[in-house]
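FYI, our numbering numbers position 87 of the sequence shown as 89, with every residue one higher than the one before it. Worksheet: the structure to be examined is printed underneath.
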Amino acid sequence: MMPVRLAPGLLRVIAVLFRYRLDDVGGGSDRMLAPLRWLRPFAGKPPAGIEGMDRGTRMRLAMTELGPIFVKAGQVLSTRRDLIPPDIADALSLLQDQVPPFPGHEARAIVERELRMPVTQAFSSFDETALASASIAQVHAATLHDGRAVVVKVLRPGIEKRIARDVSLIRALGELAQRWHPNADKIRPLDVVAEVEKMLANELDLQREGASASLLRRNFIIGDDLYVPEVHWEFTTQGVLTLERVYGVSADDIAAIDAAGIDRKRLAEKGVRLFYEQVFRDNFFHADAHPGNIWVDTSRVSEPRFIALDFGIMGSLPEADQYWLAENFIALFERDYARIASLHVEAGWMPSTVRLDELEAAVRTVCEPYFTRPLSQISIAELVVKLFQTARQYELTLQPQLILLQKTLLNIEGVGRTLDPDIDIWAVAHPVLKRILRERYSLRNTLKQLRRRAPQWLHTAPELPELVHAFLREGGRGTHRVVADPAELALRADETQRTRRSMAFCLLGGVLLVCATLAFGLKPQNGGWPAAVAAVAGVLAFVVGWPRRRR
């Protein structure tokens, strides 16, 4: 049962949905709201022109009327294109998180409470007029006692309670959708609510945002492509974040960029490179990279660079997914559809029962029409979205990080094409990704990883022979069911032989790598070439012996 305290708020939400005729948008909403349709006459008069609006626009206007937390929730929802229709996701991505600022003296009081010192002790000046204001926090200009300009981000007073209340309402709506929506098993409304709740909780911790900014800054401290403001940790807590003040213009302010004399084509190419470096080199990317959060430093004309802002939503991928995704991009660049199909299964994104020939044909059907255009007119992001949509027909399961990455790719391509409508994103991205992968999976880097993991392997090495023996003993007991079909028996015998051969090579590779690690990791001065040769031989043994899925 729904708590009584939520009833008034939930009724207000439902009334707004009715007023914007969101019970008539199709896709199962009619059935979900049907039990409450008797409330429609009491919902109030619909806004003028509502009949001519598409359902995405209606949803965006309804979220705006419901208040800032629903606006923030709508922005989060716009990233989940795997769970909501594309037209609604596009409309929600246009939501503007702008609300009137709260009084400056309250911000001052919050800063003093969080820092446990008077504002005058922390800053030589503190402007009580907010520079910017959003639903979660607002930003004030300040100056340190050494003269450096900073900005101070302050959480709104009482925001935790308001978010908790509104998230409870959103969860109640999710439970209604789970019960009544005919496609609930596909859109998974409670998963969407959990994602919204997680994102909002992360944005309530400004110290976490500061840590994200600090890591991103460290990743790009060398180079001329991206600048990240410095975090002043002595004046940062969970409720207050103090950052170096930076100056620039929005990445979509073409007039200002041209007036500064900056080469927009060169800048656009840098933006594309930055995306692939963040994702595949550092595995830590800015996941809210719209033009408002990506500025251009107009003071640097000969070597233009971007400035990153707002680090509340950052993304990273598990190491395995990062590898599979990189390989998928390379296969896509090279139009290797069979490779794309097999990679999706090998990555575990699809069940092993999927027929690879059918999946390959589906991938080809999506991709081939794109390749009839000039490469400069092909959107990688759009193509990836369509591939994921097609793959969902084959029970594709993706982690939220991959969907967040997909949304970020859309944003980055949008910024790149705004700066240079003729940019050939394929020509820029392909060599960058190949270079990153070549460096990441080089022999030198592999040996470095082996040496780093040597202590862990040495700790578990004594158990390896016993585990291998137990595995072989279980396999030799003949516990598999007996199959009467001779063809099936022959296939299983062949599979058993290949498995034994693979195990032999993998065991040989493991022994060689352990020996190389002992020689090179414990006594690097004496390891020399024998250790390197043993390591290479071990890797080759793994490559030869690694099980391959038969087509």
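All residues carry an ideal CB built from backbone N, CA and C; glycine is no exception.
If you draw a straight line from the Cα of Tyr-372 to the Cα of Met-352, it is about 24 Å long. Secondary structure note for Thr-244: its beta strand (DSSP E) is the uninterrupted segment 242-246. Taken through DSSP and simplified to helix, strand or coil, Lys-155 comes out as strand. By the Cβ rule, the region 226-245 counts as touching the region 298-311, because three or more pairs are nearer than 8 Å. With a 10 Å radius around the Cβ and a threshold of 16 neighbouring Cβ atoms, Val-15 comes out buried. In the DSSP assignment, Trp-297 falls outside any alpha helix (DSSP H) and lies within the beta strand (DSSP E) extending over 296-298.
When rounded, the separation of the alpha-carbon atoms in Arg-454 and Val-78 is 38 Å. DSSP lists Ala-144 as the bridge partner or partners of Phe-128. Annotated three-state conformation of Phe-20 is helix, per DSSP. A straight line joining the alpha-carbon of Glu-67 with that of Ala-93 spans about 15 Å. Val-365 sits away from Thr-244, with the two beta carbons spaced by 8 Å or more. Between Gly-241 and Leu-208, the CB-CB gap stays under 8 Å. In the structure shown, the three-state DSSP call for His-461 is helix. Counting only the Cα atoms, Ala-253 lies some 29 Å from Leu-439. Comparing C-alpha distances from Gly-58 to each of Lys-47, Pro-87, Lys-74 and Ala-75 shows the shortest one belongs to Pro-87. Three or more beta-carbon pairs separated by less than 8 Å are not found between the region 385-397 and the region 264-278, which leaves the two stretches without contact. No Cβ-Cβ contact shorter than 8 Å links Ala-132 with Gln-123. For Gly-317, the CB contacts under 7 Å within the same chain, skipping 5 residues up- and downstream, are Phe-287, Ala-289, Gln-403, Leu-406, Leu-407 and Thr-410 in chain order. Contact between the region 343-350 and the region 291-300 is not established, with fewer than three Cβ pairs separated by less than 8 Å. Comparing C-alpha distances from Val-281 to each of Val-198, Arg-442 and Arg-394 shows the shortest one belongs to Arg-442. Exclusion of the five residues before and after Leu-361 leaves Ala-343, His-346, Val-347, Met-352, Ala-393 and Tyr-396 as the residues of its chain whose Cβ lies within less than 8 Å of its Cβ. When the alpha-carbon of Ala-166 is set against those of Ala-136, Asp-148 and Lys-200, the nearest one is in Lys-200. If you check the CB distance, Ser-135 and Val-101 come in under 8 Å. Contact check for Ala-270 against Gly-418 passes: the beta carbons are separated by less than 8 Å.
Here Ile-112 is buried: its Cβ has 16 or more other Cβ atoms, across all protein chains shown, within 10 Å.
By the 16-neighbour rule on beta-carbons within 10 angstroms, Pro-467 is exposed. Under the three-state reduction of DSSP output, Phe-313 falls in the coil class, being neither helix nor strand. Burial of Asn-330 is indicated by the presence of at least 16 other C-beta atoms within 10 angstroms of its C-beta. Taken in chain order, the whole alpha helix (DSSP H) runs of length 4 or more contained in the region 218-298 are 256-261 and 266-278.
Here Asp-56 is exposed. Its C-beta has fewer than 16 other C-beta atoms within 10 Å. Residue range 339-348 is occupied by the alpha helix (DSSP H) that includes Val-347.
Residues Asn-221 of the same chain have their beta carbon placed closer than 6 Å to that of Asp-284, with the five preceding and five following residues left out of the count. Between the C-alpha atoms of Val-303 and Val-430 there is a straight-line separation of about 21 Å. The shortest CA-to-CA distance from Leu-97 to any of Gln-180, Glu-370, Arg-60 and Ser-127 is the one to Arg-60. Around the beta carbon of Thr-462, fewer than 16 other beta carbons sit within 10 angstroms, so the residue counts as exposed.
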